[in-house]
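Numbering (our numbering), first residue to last: 1319 to 1766.
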């Protein structure tokens, strides 16, 4: 496909149009005008004919995977290959989705001759996490005389992975991520001796008979005692609910931008932050996501490659218009998790049917594992008379409704506490810090 360039329009404006008017006004100048206009037309047609195959030998290469962070500027590297013997001036375009913002609709570059490669970096800023695909590069070359633009396209395959932005939350927890492990943490006495086997030693008067290793005692002919150490490496799992109630939004400021953020978005951010903290503490971190079925399961491990696997399991999640199936979830956890672990459920229990289902099914795992339930505090849920700003009759009913919801959640808390399950309401702005606090309390008290 060819399109006229500015140079062709310029020559038409200074040659064809003026002499056409002159020919109409002065019939004596008709021959000269016809010759000039005809000459321009011939040159234009010849240039168009010579532009055929002008883009032959031009190829593009884009990385298969480009990793980006939401609301942070990134780049898409494009490599241009020129297998011809001449230099090409190219105009390159990419069809980005609406969620990828760029200030440059197209870029111009020169492809050097002789099979050389040129590289351009396209600046972009993603505004929503998720997975996006680039499959076509649009290119425009120049005809030999520069009168025509020769347009074409090349097929590519590139996956843009936009991950959640954890910068603001990491700033709030900078003491942990800057290795200031004791900053802001109060010392708490370690209770008990731990149950993780360390070594065998000879019996010392005063050792408990429960710690005597009778098999080693019989083999050596003298009393041998087992030594234990405090458990350091534990398994921590975050169970993320992606069902319909996770689609609710809350207004907040993230990285300097105000807007509505879904509950699921906050759950994902908190999960990744807890994964980072668990790795700093030497624990193994795992992940389960579910809705009306189990979506993904990442067994608890450690290391950067494992964190990337957890991040890949989370960044494409979107809320679904389904009810959570707690029966299938807890059956799955019962079968898959053999070792005692801390299970943090990020879900919503302000629905009567859902909270009854959750309380009934958690019986399958609550004795084997340490279970904690974190729930975002719905807007307006607070005890009566805690907010003095009541101006209209509608405010009275609104506060009364908030108090009733708060009372129902307190009842959920009492039911779960009797079952040995921790339940806490999360403040939107301090959600990650509160979850990390719960985790560190569990570690210090050796509850796992």
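Idealized CB from N, CA, C, for every residue including glycine. The structure displayed is predicted, hence computed values, not measured ones.
Top-ranked residue by Cα proximity to residue 1415, from 1654, 1447, 1683: Against the chain shown, residue 1415 aligns to sequence position 97. Here the closest residue by C-alpha is 1447.
Same chain, Cβ closer than 6 Å to residue 1499, neighbours up to 5 away in sequence not counted: Taking the chain shown and counting its residues from 1, the one referred to as residue 1499 is at position 181. Since pLDDT at residue 1499 reaches only 47, below the 50 mark, its modelled position is unreliable, and the value read off the structure follows with that caveat. Excluding sequence neighbours, residue 1499 sits near nothing in its chain.
Residue 1443 - DSSP class collapsed to helix/strand/coil: Counting from 1 along the chain shown, the entry for residue 1443 is found at position 125. Three-state result, residue 1443: strand.
Contact test: residue 1731 Cβ vs the ligand SAM heavy atom, cutoff 7 Å: Absence of the ligand SAM from the depicted structure is noted, as is the absence of any ligand whatsoever, leaving it without description.
Alpha helix (DSSP H) runs contained entirely in the region 1560 to 1602, provided each spans 4 or more residues: 1581 to 1598
At least 3 beta-carbon pairs within less than 8 Å: the region 1525 to 1532 vs the region 1580 to 1588: no
Beta-bridge pairing of residue 1387 - partner residues as DSSP gives them: For this step, residue 1387 is matched to residue 69 along the chain shown. 1481, per the DSSP bridge assignment.
The region 1376 to 1392 contacting the region 1438 to 1455, beta-carbon criterion three pairs below 8 Å: yes
Simplified DSSP state of residue 1319, which is helix, strand or coil: Residue numbering aside, residue 1319 sits at position 1 when the chain shown is read from its first letter. Coil.
Length of the line joining the Cα atoms of residue 1480 and residue 1682: Taking the chain shown and counting its residues from 1, the one referred to as residue 1480 is at position 162. Taking the chain shown and counting its residues from 1, the one referred to as residue 1682 is at position 364. So the alpha carbons of these two residues sit roughly 37 Å apart.
Proximity winner among 1754, 1632, 1322, relative to residue 1463 (alpha-carbon distances): Working through the chain shown from its first residue, we reach residue 1463 at position 145. For the residues 1754, 1632, 1322, the minimum Cα distance to residue 1463 belongs to 1322.
Nonlocal neighbours in the same chain, by C-beta distance under 8 Å from residue 1474, ignoring five residues either side: The residue you call residue 1474 lines up with position 156 of the chain shown. 1378, 1379, 1380, 1452, 1453, 1454, 1455.
Residue 1397: first and last residue of the uninterrupted beta strand (DSSP E) it sits in: If you number the chain shown from 1, residue 1397 lands on position 79. 1392 to 1400 is the extent of the beta strand (DSSP E) around residue 1397.
Cβ contact (3+ pairs, closer than 8 Å) linking the region 1747 to 1755 and the region 1670 to 1687: no
Pick from 1762, 1476, 1595, 1526 that is closest to residue 1484, judged by C-alpha positions: Residue mapping note: residue 1484 aligns to position 166 of the chain shown, counting from 1. Residue 1484 has its Cα closest to that of 1595, out of 1762, 1476, 1595, 1526.
According to DSSP, residues forming a beta bridge with residue 1406: Numbered from its first residue, the chain shown carries residue 1406 at position 88. 1429, per the DSSP bridge assignment.
Beta carbon of residue 1701 nearer than 8 Å to that of residue 1568: Taking the chain shown and counting its residues from 1, the one referred to as residue 1701 is at position 383. Taking the chain shown and counting its residues from 1, the one referred to as residue 1568 is at position 250. No, Cβ-Cβ distance for residue 1701 and residue 1568 is not below 8 Å.
Check whether residue 1760 and residue 1688 have beta carbons under 8 Å apart: As a working note, residue 1760 is residue 442 in the chain shown. As a working note, residue 1688 is residue 370 in the chain shown. Yes; because the gap between Cβ atoms is below 8 Å, this pair is in contact.
Under the three-state DSSP convention, the category residue 1504 falls into: Translated into positions along the chain shown, residue 1504 becomes position 186. Here the model assigns residue 1504 a pLDDT of 47, short of 50, so the residue's position is not dependable, and the following value carries that caveat. Residue 1504 falls in the coil class under three-state DSSP.
Nearest to residue 1555 (by Cα), restricted to the options 1618, 1517, 1600: For this step, residue 1555 is matched to residue 237 along the chain shown. Ranking 1618, 1517, 1600 by Cα distance to residue 1555 puts 1618 first.
Selection from 1766, 1764, 1754 that minimises the alpha carbon distance to residue 1492: Translated into the one-based positions of the chain shown, residue 1492 becomes position 174. Residue 1754 is the option with its Cα nearest to residue 1492.
The region 1721 to 1728 touching the region 1664 to 1680, judged by at least three CB pairs closer than 8 Å: yes
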